[in-house]
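Residue numbers (this note's numbering), protein chains in the order written: chain A, 1 to 99; chain B, 1 to 99.
2 protein chains.
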Amino acid sequence: MQVRTDADLGIVIRDRRKQLGLDQGTLASRVGVSRQWIVEVEKGKPRAEVGLILRVLRVLDMELNARVAGSWSPEAISPPGIIDIDAVIDRAREDRGES
Amino acid sequence: MQVRTDADLGIVIRDRRKQLGLDQGTLASRVGVSRQWIVEVEKGKPRAEVGLILRVLRVLDMELNARVAGSWSPEAISPPGIIDIDAVIDRAREDRGES
DNA sequence: CGCTCATGTCACCGTTCGACGACAGCCTAT
DNA sequence: ATAGGCTGTCGTCGAACGGTGACATGAGCG
Chain A
1 MQVRTDADLG
11 IVIRDRRKQL
21 GLDQGTLASR
31 VGVSRQWIVE
41 VEKGKPRAEV
51 GLILRVLRVL
61 DMELNARVAG
71 SWSPEAISPP
81 GIIDIDAVID
91 RAREDRGES
Chain B
1 MQVRTDADLG
11 IVIRDRRKQL
21 GLDQGTLASR
31 VGVSRQWIVE
41 VEKGKPRAEV
51 GLILRVLRVL
61 DMELNARVAG
71 SWSPEAISPP
81 GIIDIDAVID
91 RAREDRGES
C-alpha cells in the first residue's frame, strides 16, 4: 500500500496487526513500546519516532520501499512475473548509443 | 530501495537530495525544518518524527510503499527498469530444478 | 445479569526533540 | 591567499515524546 501520510501508516499497521490476529498489547510488548503508543500510532501520530515505526513494521513482517514517484522500482531485483523483453532490448540499445 | 533501518532512510534521502542537486539548506527550508535536522536524519537519526520524514520524501518527489515481506507488489505489471538478467536466469534454473 | 477482554483516554514525569544561532573544517574558484 | 559555499558540530530552550498506572467504555459470552 501507498504510504503518503502518517494516517496511512496507522491504517497499514492496524490492518496488518488484525490480519495477524494480534491485539495492541501483545504487539506493543513484542515491539518494545507501550500499548498507548500503539493506540496513538494507529490513529496516525505524526510525531512518532521513525525507529519505532520501523521496528513495528519488522515485527509485523512488512517491508518498506522508497522510490522516485511515478517510477517503477529502479533498482529492484527483477521480480518474477511477466517480463517485457522488448523493453529490455530497447533499453540495452539505448545504453549502447544505438537507435 | 528497501528501507529496513533508519540508516537506510538517511541514505535514500541523501542520495535523492544530491540527485536533485539540492543542498541541505534549501531542502530544509522547503520541507520546513532546520538544516541541522537534515544533517542528523541523513546520518540515520532513529528518533526523527515520521511526519517530517514523510514531508521530506514528498518534497523529494518520492513514494513509500508498505507490503507484507516476501510478496511482490500485487499490482505491478512487468515494470520497465534495470533488470538483473543473471538473477532471472538463476531463478529460471531453480524453477527447472537445475543447479 | 455479571465477567472478561480489547480498546481509548487521562495525568504525571524524566528524557529528548527540533529550532535557533554561531563556529570550524573543506573544497573550489577567483 | 582570500572569499564563498556546503557541511558537521556545539550550546540553549520550550515543547512534546514515550512509559507507567489507572479508569471508562463497549463487545462477546455463560
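Where a beta carbon is used, it is the ideal one built from N, C-alpha and C, also for glycine.
Straight-line gap, A:I85 to A:S71 (C-alpha atoms, nearest Å)
Taking the first residue of the first sequence as position 1, residue 85 of chain A is located at position 85. Taking the first residue of the first sequence as position 1, residue 71 of chain A is located at position 71. Any reading at A:I85 must be qualified, since the residue scores a pLDDT of 40, below 50, and its modelled position is unreliable; no value is offered.
With a cut-off of 8 Å, does the C-beta of A:R14 fall near any C-beta of chain B?
Reading the first sequence from its first residue, position 14 is the one you call residue 14 of chain A. The beta-carbon of A:R14 is placed no less than 8 Å from the nearest beta-carbon of chain B.
Assess, as a yes-or-no matter, whether the stretch 23-32 of chain B is touched by the stretch 17-34 of chain A under the definition of 3 or more beta carbon pairs within less than 8 Å.
no
Under a Cβ-count criterion, where at least 16 other Cβ atoms within 10 Å of its own Cβ denotes burial, should A:A69 be classed as buried or exposed?
Numbered from its first residue, the first sequence carries residue 69 of chain A at position 69. A:A69 is exposed by the Cβ-count criterion.
Flag this pair as yes or no: are the beta carbons of A:V50 and B:D6 separated by less than 8 Å?
The residue you call residue 50 of chain A lines up with position 50 of the first sequence. The residue you call residue 6 of chain B lines up with position 6 of the second sequence. If you check the CB distance, A:V50 and B:D6 come in under 8 Å.
Can you tell me which of A:K43, A:R17, A:R4 puts its alpha carbon nearest to the alpha carbon of A:V31?
On the first sequence, position 31 is the one that residue 31 of chain A refers to. For A:V31, the nearest C-alpha among the options comes from A:R17.
Taking the C-alpha atoms as reference points, what is the distance between B:D15 and B:V39?
Counted from its first residue, the second sequence places residue 15 of chain B at position 15. Counted from its first residue, the second sequence places residue 39 of chain B at position 39. Cα to Cα, the separation comes out at about 13 Å.
I'd like to know if A:Q36 contacts chain B, where contact means its C-beta is closer than 8 Å to some C-beta of that chain.
What you label residue 36 of chain A is simply residue 36 of the first sequence in a count that begins at 1. A:Q36 does not count as touching chain B.
With DSSP as the reference, label A:R108 as helix, strand or coil.
Past the boundaries of the shown model lies residue 108 of chain A; chain A is included only from 1 to 99, so the question cannot be answered.
In terms of alpha-carbon separation, which member of B:I13, B:L52, B:V3 lies closest to B:R43?
Within the second sequence, numbered from 1, the residue matching residue 43 of chain B stands at position 43. It is worth fixing the name first, because residue 43 of chain B is Lys in this sequence and not Arg. Comparing Cα-Cα distances from B:K43 to each of B:I13, B:L52, B:V3, the minimum goes to B:I13.
Nearest-angstrom Cα distance between A:S34 and A:V59?
The sequence position of residue 34 of chain A within the first sequence is 34, counting from 1. The sequence position of residue 59 of chain A within the first sequence is 59, counting from 1. Computed Cα separation, rounded: 15 Å.
If you draw a straight line from the C-alpha of B:A48 to the C-alpha of B:D8, how long is it?
On the second sequence, residue 48 of chain B is found 48 positions in, with the first residue counted as 1. On the second sequence, residue 8 of chain B is found 8 positions in, with the first residue counted as 1. The alpha-carbon atoms of B:A48 and B:D8 are separated by roughly 13 Å.
In terms of residue numbering, what span does the alpha helix (DSSP H) encompassing A:G10 cover?
If you number the first sequence from 1, residue 10 of chain A lands on position 10. Start and end: 6-19.
Taking just the CA atoms, how far does B:L54 sit from A:D61?
Working through the first sequence from its first residue, we reach residue 61 of chain A at position 61. Working through the second sequence from its first residue, we reach residue 54 of chain B at position 54. Computed Cα separation, rounded: 21 Å.
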